[in-house]
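Enquirer: I'd like to ask some things about the structure below.
In full-length UniProt numbering, the protein residues as written are 1 to 184.
Structure, rendered in structure tokens:
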């Protein structure tokens, strides 16, 4: 049930847990992706990192779907009335794009694997269906899309973090405490 915006002061425990778990997984997935692509050849270590990267991607996708469903049924705290309109609009835009990217990046990676002719087997146990067949031209396009989406996410996350730090240390408006319980 949605609460009136004036009643909501902090994100719920579920929203906070999903936020930080997804953030941690995205950082891990990005770091593994960065390292694995620099390993020459097809070594057992590189293949292990590719598997971990894919497992993280599938997990992020599932948790992001849960986060979107949670957010659709639970209001976020309102921004301070003193916050300029352009900052409110920017915050809504960035949050919306973050949600889109949390869903689109795993999907692009999944399709990239499929186009490469490699089935994704979640946790080495659950084979995911192959929705597109091997296609070298599509593989190249999807690889580029996957990389560009990841760097777009990196830029948006940097903006998100910088904005949160600005609110905490420049504006001193307590905004960061809405997502970090021990700051309350």
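In this text, a Cβ means the ideal position worked out from N, Cα and C, and glycines have one as well.
Here the structure is a predicted model, which means the values were calculated and not measured.
Tell me which residue opens and which closes the alpha helix (DSSP H) that residue 123 is part of.
Expert: The residue you call residue 123 lines up with position 123 of the chain shown. Unbroken run through residue 123: none, as it is neither H nor E.
Enquirer: Please report the distance separating the alpha-carbon of residue 33 from that of residue 96.
Expert: Looking up residue 33 in the chain shown gives position 33. Looking up residue 96 in the chain shown gives position 96. C-alpha separation (whole angstroms): 24 Å.
Enquirer: Thinking C-alpha only, which one of 181, 156, 162, 15 is nearest residue 75?
Expert: Numbered from 1 along the chain shown, position 75 holds the residue referred to as residue 75. The shortest Cα separation from residue 75 among 181, 156, 162, 15 belongs to 15.
Enquirer: Pick from 65, 66, 147: whose alpha carbon is nearest that of residue 29?
Expert: For the purposes of this step, residue 29 is identified with residue 29 of the chain shown, where counting begins at 1. Residue 147 is the option with its Cα nearest to residue 29.
Enquirer: Return the Cβ separation of residue 61 and residue 106 in integer angstroms, given the expectation that the two are a contact with Cβ distance under 8 Å.
Expert: On the chain shown, residue 61 is found 61 positions in, with the first residue counted as 1. On the chain shown, residue 106 is found 106 positions in, with the first residue counted as 1. Yes, they are in contact, since the Cβ atoms of residue 61 and residue 106 sit about 4 Å apart, within 8 Å.
Enquirer: Quick check on the burial criterion: 16 or more other C-beta atoms within 10 angstroms. Buried or exposed for residue 1?
Expert: Against the chain shown, residue 1 aligns to sequence position 1. Low confidence applies here, because residue 1 scores a pLDDT of 46, under 50, leaving its location unreliable and the question unanswered by this model.
Enquirer: In the structure shown, what three-state DSSP assignment does residue 127 receive?
Expert: Numbered from its first residue, the chain shown carries residue 127 at position 127. Three-state DSSP puts residue 127 in a strand.
Enquirer: Let me know if residue 5 comes out buried or exposed under the rule of 16 or more other beta-carbons within 10 Å of its beta-carbon.
Expert: Walking along the chain shown from the start, residue 5 turns up at place 5. Caution is warranted here: a pLDDT of 45 is assigned to residue 5, below 50, making its placement in the model unreliable, and the coordinate value is therefore given only provisionally. Exposed is the call here.
Enquirer: Jot down the residue ranges of each uninterrupted alpha helix (DSSP H) in the segment 19 to 83, minimum 4 residues, whole runs only, in chain order.
Expert: Counting whole runs of 4 or more residues, the segment 19 to 83 contains the alpha helix (DSSP H) stretches 44 to 73.
Enquirer: In chain order, what residues of the same chain lie with their CB nearer than 6 Å to the CB of residue 8, ignoring the 5 residues before and after it?
Expert: Translated into the one-based positions of the chain shown, residue 8 becomes position 8. 75, 77.
Enquirer: By alpha-carbon positions, which one of 70, 167, 127 ends up nearest to residue 175?
Expert: Numbered from its first residue, the chain shown carries residue 175 at position 175. It is 167 whose Cα lies nearest to the Cα of residue 175.
Enquirer: What did DSSP end up calling residue 161 once you bin it into helix, strand or coil?
Expert: The residue given as residue 161 occupies position 161 in the chain shown. Here residue 161 sits in helix by DSSP.
Enquirer: Taking the alpha carbon of residue 91 as the reference point, which residue from 79, 27, 183 has its own alpha carbon closest?
Expert: Your numbering for residue 91 matches position 91 in the chain shown. The option with the nearest alpha carbon to residue 91 is 79.
Enquirer: Where does residue 69 land, buried or exposed, given buried means 16+ other C-beta within 10 angstroms?
Expert: Residue 69 sits at position 69 when you count from the first residue of the chain shown. That one is exposed.
Enquirer: Following the continuous alpha helix (DSSP H) through residue 106, name the residue where it begins and the one where it ends.
Expert: Within the chain shown, residue 106 is the residue found at index 106, counting from 1. Unbroken alpha helix (DSSP H) run through residue 106: 85 to 115.
Enquirer: Alpha carbon to alpha carbon, how far is residue 58 from residue 149? Give it in angstroms, no decimals.
Expert: Mapped onto the chain shown, residue 149 falls at position 149. Mapped onto the chain shown, residue 58 falls at position 58. For residue 149 and residue 58, the distance between alpha carbons rounds to 16 Å.
Enquirer: Give the straight-line distance between the Cα atoms of residue 164 and residue 133, rounded to the nearest whole angstrom.
Expert: Reading the chain shown from its first residue, position 164 is the one you call residue 164. Reading the chain shown from its first residue, position 133 is the one you call residue 133. Distance between the alpha carbons of residue 164 and residue 133: 43 Å.
Enquirer: Under 8 Å, with one C-beta from each stretch per pair, do the segment 110 to 129 and the segment 42 to 49 reach the 3-pair mark?
Expert: Verdict: no, contact absent.
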